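As structure tokens, the structure follows; a few thoughts come after it.
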Amino acid sequence: MREKMPRRKHTKSRYGCLECKKRHMKCDESRPICVACSVANLKCSFTSTLPTLPATVRSAMRAGARSPSQTSSISSASPISYLSPPTSTAETESAPSVASPTPPPSENPQCGVFDERYSLLHLELLHHFQTDFVKTLDLDHLEFQPVVQMTIKEAFATPFLMDELLALSAAHKAALPDGQRREYYRTEATRLQTRALAQFNDAQATLSGENRMAVFLFSTFLGQHVLHDTLQEASCHAAGDIEPLLNKLGQCLNIHHGIAQIAGQSWEELVARVPVFGAHKARCQEVTDEANEPGSECYPLMQLIKRSYLDQPGRDACSLAVERLQQLISTRQAYYRTTGTSGPLIRFVQEWLVRAPQSYVYLVIEKRPEALAILAHYLALLHQARDCWVVGDAGVLIVQSISEHLGTDWAEWLAWPNQMVAAVS
Numbered sequence: 011m012r013e014k015m016p017r018r019k020h021t022k023s024r025y026g027c028l029e030c031k032k033r034h035m036k037c038d039e040s041r042p043i044c045v046a047c048s049v050a051n052l053k054c055s056f057t058s059t060l061p062t063l064p065a066t067v068r069s070a071m072r073a074g075a076r077s078p079s080q081t082s083s084i085s086s087a088s089p090i091s092y093l094s095p096p097t098s099t100a101e102t103e104s105a106p107s108v109a110s111p112t113p114p115p116s117e118n119p120q121c122g123v124f125d126e127r128y129s130l131l132h133l134e135l136l137h138h139f140q141t142d143f144v145k146t147l148d149l150d151h152l153e154f155q156p157v158v159q160m161t162i163k164e165a166f167a168t169p170f171l172m173d174e175l176l177a178l179s180a181a182h183k184a185a186l187p188d189g190q191r192r193e194y195y196r197t198e199a200t201r202l203q204t205r206a207l208a209q210f211n212d213a214q215a216t217l218s219g220e221n222r223m224a225v226f227l228f229s230t231f232l233g234q235h236v237l238h239d240t241l242q243e244a245s246c247h248a249a250g251d252i253e254p255l256l257n258k259l260g261q262c263l264n265i266h267h268g269i270a271q272i273a274g275q276s277w278e279e280l281v282a283r284v285p286v287f288g289a290h291k292a293r294c295q296e297v298t299d300e301a302n303e304p305g306s307e308c309y310p311l312m313q314l315i316k317r318s319y320l321d322q323p324g325r326d327a328c329s330l331a332v333e334r335l336q337q338l339i340s341t342r343q344a345y346y347r348t349t350g351t352s353g354p355l356i357r358f359v360q361e362w363l364v365r366a367p368q369s370y371v372y373l374v375i376e377k378r379p380e381a382l383a384i385l386a387h388y389l390a391l392l393h394q395a396r397d398c399w400v401v402g403d404a405g406v407l408i409v410q411s412i413s414e415h416l417g418t419d420w421a422e423w424l425a426w427p428n429q430m431v432a433a434v435s
């Protein structure tokens, strides 16, 4: 007589969506829509729990809304279309819920987004943003207080900005060396970012006069958050499998290209509302002018690009990316000579990502070795900012991974970045 096979343990999904319960399926509880509903093309009940935008904000968004045929997604030029952060089921189940148990009904049920109150945790994150996180942006000086005040004011009027602001604050708390409940804050950062993106996309938040500043701030915070998440991938990707990491780096560059477009359209309004930004830019320009004699750090790389097998457009794209990277290196050195300090590290961390030409970004996405060698040079510079919470040890880890991926045939291209990370490790 054959022995009975033991029944496999079944774990019920207590908080699954209504559609999965109707179909007697285990729900993975992914937000804003579970995987089962997404695959079956069903309306997931989770989408009815997304926070509803106030009427005043919705009307402002409608002023720049697109035609009905275009409302399903935002422009590919926007940084948002490249990102759809997942929510881990395990993390969701392990972290206590911060939402209020009984959200009130939506003011407009047809809006299709959720109406969720903020909790004491979110007040904690807002306080952390105002008192601790702003120091990482070099905004804790008295002259920059209007910037912080403007940011908070815009966030209270714009839910997707508030959620991303809180998400970034949670990510920062999770990254603190002496931080407690790191996994809890990391999970909440992902949840808030997902909610912010859902609201942004649902609001069809195109750039207009009324919401320009909120979209600019949202894009800036999202860019920093995505960069942090991307660099964190460096410490956990499987040895020898660099593909997921390179995909994320390409995605990160794409997002920052979108940020550059938004920033260009928003700068004049930012200076008008916060004049100190204009004065600060003028000081930075003085330093940049002093660095008009380019350094030689990237000279060997530039010569290798000229002799490469890339077609002419590819060589032009890589040459421009290297030229802008050399400008950044020279400017940072001039800033140190002028002020005696390294300056706000996050500015140097993100500036090249914003200024890298789109044609170069495409080469990174295609994983062209020449483009990856340039990226390794940027990451070597990034490693000098390893004390910045966004960066950590990611620079050296990714340079090593790129070196292993390209192999010894590209050792000449990677000589400078490997030398730099070895010198400061």
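Residue numbering for the sequence shown follows the numbering used here, beginning at 11 and increasing consecutively.
Beta carbons: idealized from backbone N, C-alpha and C, even for Gly.
Since this is a predicted model, take the numbers as computed values, not measurements.
Taking the alpha-carbon of residue i as reference, which of the options has the nearest alpha-carbon?
{"i": "S270", "options": "A404, P379, F228, E134", "result": "Contrary to the premise, residue 270 reads as Ala rather than Ser in this sequence. Per the Cα distances, F228."}
{"i": "G233", "options": "L335, V359, R127", "result": "V359"}
{"i": "R365", "options": "G274, E174, K145", "result": "G274"}
{"i": "F139", "options": "T161, R127, S129, Y128", "result": "T161"}
{"i": "N221", "options": "C262, G268, M430, F170", "result": "F170"}
{"i": "V434", "options": "V406, A425, W423, K377", "result": "V406"}
{"i": "Y128", "options": "G402, C30, R201, H266", "result": "R201"}
{"i": "Q394", "options": "E198, V431, H266, L330", "result": "V431"}
{"i": "I384", "options": "R334, D142, D239", "result": "R334"}
{"i": "Y309", "options": "T168, A199, G268, P427", "result": "P427"}
{"i": "C207", "options": "C30, R192, T168", "result": "It is Leu, not Cys, that sits at residue 207 in the sequence shown. L207 has its Cα closest to that of T168, out of C30, R192, T168."}
{"i": "V400", "options": "T197, A185, N264", "result": "A185"}
{"i": "P367", "options": "Q429, L311, H266, W277", "result": "H266"}
{"i": "L263", "options": "L28, T240, K31, T146", "result": "T240"}
{"i": "E307", "options": "E243, P254, F166, L424", "result": "L424"}
{"i": "D142", "options": "A181, F166, A165, L130", "result": "A181"}
{"i": "P343", "options": "V332, G305, F166, Q242", "result": "The residue asked about is misnamed: residue 343 is Gln in this sequence, not Pro. Per the Cα distances, G305."}
What is the rounded straight-line gap between the Cα of residue i and the Cα of residue j?
{"i": "H387", "j": "S369", "result": "18 Å"}
{"i": "K163", "j": "I412", "result": "43 Å"}
{"i": "Q337", "j": "Y345", "result": "12 Å"}
{"i": "Y194", "j": "S318", "result": "48 Å"}
{"i": "Q190", "j": "S179", "result": "14 Å"}
{"i": "T418", "j": "D251", "result": "17 Å"}
{"i": "E174", "j": "Q313", "result": "42 Å"}
{"i": "L391", "j": "M35", "result": "49 Å"}
{"i": "M172", "j": "T230", "result": "13 Å"}
{"i": "L135", "j": "E422", "result": "46 Å"}
{"i": "L176", "j": "R347", "result": "36 Å"}
{"i": "V374", "j": "L330", "result": "14 Å"}
{"i": "K316", "j": "S340", "result": "22 Å"}
{"i": "I408", "j": "V236", "result": "16 Å"}
{"i": "Q7", "j": "L363", "result": "Because the chain is modelled from 11 through 435, residue 7 falls outside the range shown and cannot be assessed."}
{"i": "L389", "j": "L259", "result": "11 Å"}
{"i": "C44", "j": "K32", "result": "14 Å"}
{"i": "E29", "j": "C37", "result": "9 Å"}
{"i": "T146", "j": "H238", "result": "13 Å"}
{"i": "E253", "j": "W420", "result": "18 Å"}
{"i": "P187", "j": "F210", "result": "32 Å"}
{"i": "E361", "j": "C47", "result": "40 Å"}
{"i": "A165", "j": "Q410", "result": "40 Å"}
{"i": "E243", "j": "R357", "result": "21 Å"}
Residues in the same chain with beta-carbon distance under 6 Å from residue i, minus the five sequence neighbours each way, listed in chain order, please.
{"i": "L416", "result": "P379"}
{"i": "P156", "result": "V284"}
{"i": "L256", "result": "K377"}
Considering only residues of the same chain and omitting the five flanking positions on each side of residue i, which have a CB-CB separation below 8 Å?
{"i": "D326", "result": "S369"}
{"i": "P323", "result": "S369"}
{"i": "L382", "result": "L256, V374, I412, H415, L416"}
{"i": "S245", "result": "G402, D403, A404, L407"}
{"i": "V371", "result": "G260, L263, N264, H267"}
{"i": "S55", "result": "C27, L28, E29"}
{"i": "V332", "result": "C308, L311, M312, I315, I384, H387"}
{"i": "K53", "result": "E29, C47"}
Apart from the five residues just before and just after residue i, which ones in its own chain have a Cβ nearer than 7 Å to its Cβ?
{"i": "L320", "result": "C328, E380"}
{"i": "R396", "result": "G402, D403, G405"}
{"i": "A199", "result": "A177, A180, A181, A184"}
{"i": "S276", "result": "R222, M223, F226"}
Helix, strand or coil for residue i, going by three-state DSSP, please let me know.
{"i": "T197", "result": "helix"}
{"i": "Q190", "result": "coil"}
{"i": "D326", "result": "helix"}
{"i": "Y128", "result": "coil"}
{"i": "A366", "result": "coil"}
{"i": "S82", "result": "With a pLDDT of 32 at S82, under the threshold of 50, the modelled position of that residue is not reliable, and no figure is offered here."}
{"i": "E376", "result": "coil"}
{"i": "C47", "result": "helix"}
{"i": "H34", "result": "coil"}
{"i": "R396", "result": "coil"}
{"i": "T168", "result": "coil"}
{"i": "E134", "result": "helix"}
{"i": "L424", "result": "coil"}
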